[in-house]
Structures are given as structure tokens and as C-alpha cells.
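Shown next, in C-alpha cells, is the structure this report addresses.
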Amino acid sequence: MNLSVFDPVFENAAPDSFVLLQIAGDRFALPANIIAELAPPVRLHAFPHTSPLLTGVIVRRGRIVPVFDAGRALSGNSSLGHRFYLIARHQIGGFAEMGAIPVDGECELVSGTAQPPAENHPSYITAQIAAGRKSVGVLDLHEFIRFHTEAARQAATAERVV
Numbered sequence: 011m012n013l014s015v016f017d018p019v020f021e022n023a024a025p026d027s028f029v030l031l032q033i034a035g036d037r038f039a040l041p042a043n044i045i046a047e048l049a050p051p052v053r054l055h056a057f058p059h060t061s062p063l064l065t066g067v068i069v070r071r072g073r074i075v076p077v078f079d080a081g082r083a084l085s086g087n088s089s090l091g092h093r094f095y096l097i098a099r100h101q102i103g104g105f106a107e108m109g110a111i112p113v114d115g116e117c118e119l120v121s122g123t124a125q126p127p128a129e130n131h132p133s134y135i136t137a138q139i140a141a142g143r144k145s146v147g148v149l150d151l152h153e154f155i156r157f158h159t160e161a162a163r164q165a166a167t168a169e170r171v172v
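Numbered per my numbering, the sequence shown spans residues 11 to 172.
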């Protein structure tokens with residue numbers, strides 16, 4: 011029975027399971043239960059649009075998956091030299107959607123207890139986990155997309171006013 015070609019790989023993952031990934035030279039974590047797939051780099055289809063975080067789309071398993079350039083949002087540098095697309099589920103209203111993030115390096119499945127994020131954290135970092143000797147921010151993909159889309163819209167509005 012195939013409910014969806016994008017059922018999360020770690021759907022039954024323990025609540026303390028995370029996938030560590032590298033974006034724009036920094037490490038982040040995503041809850042393992044939202045990860046659908048780690049896909050090889052495939053052709054990115056670009057088209058005219060006004061979504062600042064959207065780089066284009068990929069076609070994966072017969073479905074169109076939007077690609078969000080998290081590297082550009084986090085560091086100002088596009089993730090053109092990425093090694094994989096991490097495809098994850100995120101909520102938009104009452105709907106579960108798929109989104110892909112270009113990933114610079116290897117991904118790793120880890121277990122850890124989520125702790126509250128640092129005091130001055132962005133809204134899209136919902137927790138922190140220990141990864142070796144470092145603390146890694148847990149990324150809320152939907153909030154990350156919303157936050158950076160809104161910031162880009164505000165910047166565009168400010169440019170038009172000047």
C-alpha cells in the first residue's frame with residue numbers, strides 16, 4: 011500500500027531523533043520525523059517568480075518539489091555547490107507540503123534531548139541539541155520559510171518607498 015511517494019523516511023522516529031545537516035557552512039538539525047528523502051542533485055527548474063527564498067523546483071518521484079535556498083537566506087551566499095537535496099515535510103495551514111533544501115555536506119542521524127534555544131535565537135530555531143561538543147539549532151522549516159519570505163518582502167517594500 012503506497013499512501014504517498016513522500017512518506018517520511020523516519021516517520022516512526024523517536025522524538026529525540028534529528029538529522030544534522032550543513033547549510034552555508036553552519037550546522038543545523040531537523041526533526042527526523044519530517045525527513046522524506048535525501049536526494050542526489052538533479053536538474054533545478056527555474057522560472058520567473060517573486061518568492062525570494064524559492065530557487066526553483068525539482069521533479070522527484072513524479073512530484074514537483076519547491077527548492078528553498080537556505081544558504082542564501084542564512085549567509086547571503088547561494089548553495090550552488092550542494093551535494094544533496096534534503097526533502098522534508100512542513101505544514102502550511104492544515105496541509106503538509108514538501109520542500110527541498112540544498113545541503114552542502116553530509117547528513118547524520120543523531121539522538122539528543124532538545125533544550126530551549128539560546129536567548130537571542132531567530133524565531134525559526136525552536137530548540138538546540140548537543141552535537142559533539144557544539145550546540146546545534148533545530149530548524150522549524152515552515153517558520154524559516156515564513157520568516158525569510160516576510161523579511162524579503164519588507165526589504166522590497168522599503169526599497170520602493172525610498
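All C-beta atoms in this analysis are idealised placements derived from N, C-alpha and C, irrespective of residue type, glycine included.
Legend entry - Option nearest alanine 39 by Cα separation, candidates Gly104, Thr123, Val67: Thr123
Legend entry - the segment 108-122 in contact with the segment 66-78 per 3-pair CB rule at 8 Å: yes
Legend entry - Minimum C-alpha distance to phenylalanine 154 - residue among Val120, Phe105, His100, Leu31: Comparing Cα-Cα distances from phenylalanine 154 to each of Val120, Phe105, His100, Leu31, the minimum goes to His100.
Inset, instruction - Please say whether phenylalanine 28 and isoleucine 139 have beta carbons closer to each other than 7 Å? - result: yes
Legend entry - Sequence-distant residues of the same chain with beta carbon closer than 8 Å to serine 121, five excluded per side: Excluding positions up to five away in sequence, the list reads Ala24, Asp26, Ser27, Phe28.
Inset, instruction - Can you give me the Cβ contacts of glutamate 118 inside the same chain, cut-off strictly under 6 Å, excluding the 5 residues immediately before and after it? - result: Leu30
Inset, instruction - Using DSSP bridges, identify the partner residues of arginine 73. - result: Arg70
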